[in-house]
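J.:
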Amino acid sequence: MTKAEATALDKSLPAYEMDAEQLRLLRPSKDAIVLVLYAQAYRYDIGQTHATNVTTAENKLKRDVADFVHHVVKPGKHR
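Taking our numbering, I'd label the letters of the sequence shown as residues 3 to 81.
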């Protein structure tokens, strides 16, 4: 999603909350559900004293996408 698209959808997008663990979903139409992923939720530090490393960020992203597929996409296939 581009910055212009995000700006246009601003009122429709769920707010970013740093500590929120639940998936952020957007339903633009009756037949679509969009997983909203905020880049800042997957940031990592580079260097010797990094608090969050790239592996942690990648694992969090994999978990969120897998949860979306498992809990939202797959159940919808049977309807």
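C-beta atoms are modelled at their ideal positions from N, C-alpha and C, and glycine is treated no differently.
In the DSSP output, what is Ala31 paired with across the bridge?
T.: Counting from 1 along the sequence shown, the entry for residue 31 is found at position 29. The amino acid at residue 31 is misidentified as Ala; the sequence shows Ser. Looking at the DSSP assignment, Ser31 forms a beta bridge with Ala34.
J.: Counting along the chain, where does the alpha helix (DSSP H) carrying Glu19 start and finish?
T.: For the purposes of this step, residue 19 is identified with residue 17 of the sequence shown, where counting begins at 1. That residue, Glu19, is in no alpha helix (DSSP H); it is neither H nor E in DSSP.
J.: Nearest to Thr58 by CA position, among Phe70, Ala43, Ala68, is which residue?
T.: Here residue 58 is taken as the residue at index 56 of the sequence shown, counted from 1. It is Ala43.
J.: Out of curiosity, what's the CA-to-CA distance linking Phe67 and Leu28?
T.: Walking along the sequence shown from the start, residue 67 turns up at place 65. Walking along the sequence shown from the start, residue 28 turns up at place 26. It should be noted that the sequence gives Val, not Phe, for residue 67. Cα-Cα distance, rounded: 14 Å.
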